[in-house]
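Have a look at the structure below before the remarks.
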Ligand SMILES: [Zn+2]
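In our numbering, the protein residues as written are 17 to 338.
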């Protein structure tokens with residue numbers, strides 16, 4: 017640019033030195049600068065579009081690596097989920113069954129998250145779906161584990177209390193020589209007084225007035241009533257663990273409300289009070305406020321053979337005394 021320029025003066029035929037103004041110089045500089053910039057922009061555009069920088073290449077490889085790791089992570093989450101599934105199955109169908117606890121409902125176990133999208137902050141990127149799904153599965157596993165560990169706490173408590181539970185749940189026949197004395201089983205039958213088909217919610221044992229009646233499990237007397245209708249004089253014992261037992265048509269009551277009783281303790285005598293046609297004991301067991309067949313709870317003082325005999329007998333006898 018600092019090159020000196022000359023031109024021929026056609027009039028004087030002399031060669032003269034060309035004088036350039038400052039503005040000319042500025043324009044020349046600008047031209048160069050603009051051309052240079054344009055060229056750079058084009059080169060950079062082509063470069064960025066068609067070639068990646070070493071840094072970009074590194075980042076891309078890193079992202080690919082992340083994606084592979086996420087896939088591996090999801091595989092491992094699948095394995096964990098299936099192990100947890102197995103633990104839940106065993107919990108519901110073995111451990112909780114042993115202690116007669118209800119299984120945990122599936123929706124509670126699945127711990128589904130509804131409503132608000134708690135993974136919204138992860139949205140808007142190329143791999144958002146992969147990341148938010150993975151997060152969701154991890155969160156779900158975490159809460160399922162929490163529910164499972166709670167359940168094991170319960171099972172543990174039940175195991176610790178098992179001796180007490182076994183002593184409390186009704187498990188004997190409430191009068192002696194009960195196998196011979198069982199005269200009416202549990203289920204639908206003709207009512208001896210009303211002469212209609214009715215549900216018999218307990219079992220009947222015939223026995224002479226004054227025969228001792230035993231508490232069938234440890235518990236607390238919650239009712240000791242002296243009526244002359246319906247069940248007549250009756251006692252109800254709360255055994256805990258969802259169980260109560262009921263003894264009706266008694267001649268005499270030897271316990272009072274609030275009293276603690278142990279299995280085998282005499283609570284009263286067989287009688288003929290209330291709607292009853294002859295001296296007998298009407299005996300019921302309730303579990304979670306619903307009557308169950310007491311025959312299935314006579315296992316404690318019977319040999320397996322005797323137990324089978326009484327179950328068979330209970331399904332056959334139907335000599336109702338109410
Ligand atoms: Zn009855």
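Here a beta-carbon is modelled for each residue, glycine too, at the ideal position from N, C-alpha and C.
Please read all numbers here as calculations on a predicted model, not as lab measurements.
Contact under 8 Å by Cβ, residue i with residue j
i           : j           : result
residue 191 : residue 162 : no
residue 216 : residue 226 : no
residue 298 : residue 265 : yes
residue 273 : residue 238 : yes
residue 93  : residue 153 : yes
residue 167 : residue 107 : yes
residue 267 : residue 286 : yes
residue 198 : residue 329 : yes
residue 179 : residue 295 : no
residue 205 : residue 236 : no
residue 157 : residue 147 : no
residue 34  : residue 21  : yes
residue 288 : residue 200 : no
residue 127 : residue 159 : yes
Check: residue i C-beta below 7 Å from any heavy atom of ligand 1
i           : result
residue 298 : yes
residue 255 : no
residue 331 : no
residue 192 : no
residue 290 : no
residue 101 : no
residue 307 : no
residue 261 : no
residue 155 : no
residue 267 : no
residue 173 : no
residue 216 : yes
residue 167 : no
residue 220 : yes
residue 98  : no
residue 200 : yes
Contacting residues, own chain, Cβ-Cβ under 7 Å from residue i (five flanking each side not counted)
i           : result
residue 279 : 183, 188, 231, 232, 233 and 234
residue 96  : 157
residue 59  : none
Residue range of the beta strand (DSSP E) that includes residue i
i           : result
residue 25  : 22-25
residue 286 : 282-286
residue 261 : 259-269
residue 307 : 306-308
residue 198 : 198-200
residue 205 : 203-206
Reduced DSSP secondary structure (H/G/I, E/B, other) of residue i
i           : result
residue 244 : coil
residue 326 : helix
residue 231 : coil
residue 109 : helix
residue 276 : strand
residue 57  : helix
residue 65  : helix
residue 143 : coil
residue 193 : coil
residue 216 : strand
residue 30  : strand
residue 188 : coil
residue 291 : coil
residue 225 : coil
residue 239 : strand
residue 334 : strand
residue 37  : coil
residue 70  : helix
residue 211 : coil
residue 94  : helix
residue 315 : coil
residue 80  : helix
residue 116 : coil
Residue range of the unbroken alpha helix (DSSP H) whose run includes residue i
i           : result
residue 300 : Segment 296-303 is the beta strand (DSSP E) holding residue 300; no alpha helix (DSSP H) there.
residue 251 : That residue, residue 251, is in no alpha helix (DSSP H); its beta strand (DSSP E) goes 249-256.
residue 134 : Counting along the chain, residue 134 falls outside any alpha helix (DSSP H), and DSSP gives it neither H nor E.
residue 124 : 122-126
Own chain residues within Cβ distance below 8 Å of residue i, not counting five before or after
i           : result
residue 257 : 116, 181, 184 and 185
residue 270 : 282, 283, 284 and 285
residue 76  : 68
residue 82  : 143
residue 218 : 202, 262, 264, 298, 299, 300, 301, 307 and 310
residue 244 : 289 and 290
residue 151 : 135 and 138
residue 86  : 143, 146, 147 and 150
Residues of its chain near residue i, where Cβ-Cβ distance is below 6 Å and the 5 sequence neighbours each way are ignored
i           : result
residue 241 : 250
residue 247 : 264 and 290
residue 171 : 111
is_contact[residue i, chain D] using C-beta, thresh 8 Å
i          : result
residue 61 : Absent from the structure: chain D. Only one protein chain is present.
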